[in-house]
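What follows is a set of notes on a single structure, which appears directly below.
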Amino acid sequence: FSINIATQAPSQELYNATVDKGITAMRTVRSLKAEDENDFEIYSNDSLIAAFAKVADVVRAGALVISGIALLAASIGIMNIMLVSVTERTKEIGIRKSIGARRVSILVQFLIEAVVLSLTGGLVGILLGVVAGNGLAVWMQATVVFPWDWAGLGLLICTVIGVAAGLYPALKAAALDPIESLRYE
Numbered sequence: 001f002s003i004n005i006a007t008q009a010p011s012q013e014l015y016n017a018t019v020d021k022g023i024t025a026m027r028t029v030r031s032l033k034a035e036d037e038n039d040f041e042i043y044s045n046d047s048l049i050a051a052f053a054k055v056a057d058v059v060r061a062g063a064l065v066i067s068g069i070a071l072l073a074a075s076i077g078i079m080n081i082m083l084v085s086v087t088e089r090t091k092e093i094g095i096r097k098s099i100g101a102r103r104v105s106i107l108v109q110f111l112i113e114a115v116v117l118s119l120t121g122g123l124v125g126i127l128l129g130v131v132a133g134n135g136l137a138v139w140m141q142a143t144v145v146f147p148w149d150w151a152g153l154g155l156l157i158c159t160v161i162g163v164a165a166g167l168y169p170a171l172k173a174a175a176l177d178p179i180e181s182l183r184y185e
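Residues 1 to 185 in my numbering are what the sequence shown spells out, letter by letter.
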């Protein structure tokens, strides 16, 4: 069985003195001798803050892992979409190459398409996150904010993912032989 007693120091400067008075009072009530160990525990805001910080770190790490998995899945999805796009547009690529399009222009075209696809997904995700987060903030009567720094970082990450996921399909499109591409059905 346990009893909880809450006390508050009159000021931050008197915090340690207040804790010492509490320990002395508990030792007196429990009839502990000077050589006896305390058979009670004192919890301070510092220990609660430290415990909360540990929980927050675990939640943050979990969110980071989940975000990483989601970004990996998104990049695989973008790569697959771009590979299908290259396959479906093989004839178009062949026509462009036969009338003088350079490899780099085809490469850039498919990279831009991959980045636009990735940024579109990122913008939708940011908007949904802001709406959900601010909706929750309104419901909890907290301050509504727009995390500009996180939104900017998210868009930067989406751009990098778009380039990384679109690079292989873009290279594949740029390397197509125009004659073989025109024969493709």
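Beta carbons: idealized from backbone N, C-alpha and C, even for Gly.
Our contact map puts residue i next to residue j with C-beta atoms below 8 angstroms; I'd like the distance itself, whole angstroms only.
i, j, result
"glycine 121", "cysteine 158", "7 angstroms"
"leucine 111", "valine 163", "6 angstroms"
"valine 19", "isoleucine 3", "With a Cβ gap of about 17 angstroms, valine 19 and isoleucine 3 do not count as contacting."
"glutamate 113", "serine 67", "Incorrect: roughly 24 angstroms between the Cβ atoms, too far for contact."
"valine 145", "valine 138", "The Cβ separation is near 11 angstroms, so there is no contact."
"alanine 151", "isoleucine 126", "5 angstroms"
Looking at residue j and residue i, is the spacing between their C-beta atoms short of 9 angstroms?
i, j, result
"alanine 173", "isoleucine 78", "no"
"methionine 82", "alanine 175", "no"
"glycine 94", "glutamate 180", "yes"
"leucine 155", "leucine 182", "no"
"glycine 17", "alanine 6", "Note that residue 17 is alanine in the sequence shown, not glycine. No, the pair does not count as a contact, with Cβ atoms beyond the cut-off."
"lysine 97", "proline 147", "no"
Who are the near neighbours of residue i in its chain, counting only those whose CB is closer than 7 angstroms to its CB and skipping five residues on each side?
i, result
"alanine 74", "Gly121 and Ile161"
"threonine 87", "none"
Within a Cβ cutoff of 8 angstroms, which residues of the same chain sit near residue i, ignoring the five residues on either side of it in sequence?
i, result
"aspartate 39", "Arg30 and Leu32"
"leucine 71", "Ile157 and Ile161"
Leaving aside the five residues before and after residue i along the sequence, list all residues of the same chain whose C-beta is less than 6 angstroms from its C-beta, in chain order.
i, result
"threonine 90", "Ser181 and Tyr184"
"leucine 117", "Ile78"
"glycine 119", "According to the sequence displayed, residue 119 carries leucine and not glycine. Once the five neighbours on either side are set aside, the close Cβ partners of leucine 119 are Cys158."
"leucine 14", "none"
| query | With a cut-off of 8 angstroms, do at least 3 Cβ pairs link the segment 44–60 to the segment 22–31? | reply | Short answer: they don't touch.
| task | May I have a chain-ordered list of the alpha helix (DSSP H) segments no shorter than 4 residues that lie completely inside the segment 102–180? | result | Whole alpha helix (DSSP H) segments, 4+ residues: 103–139 and 148–174.
| Enumerated in chain order, which unbroken segments of the alpha helix (DSSP H) with a length of 4 residues or greater are wholly contained in the segment 67–102? | Counting only runs of 4 or more, we get 90–98.
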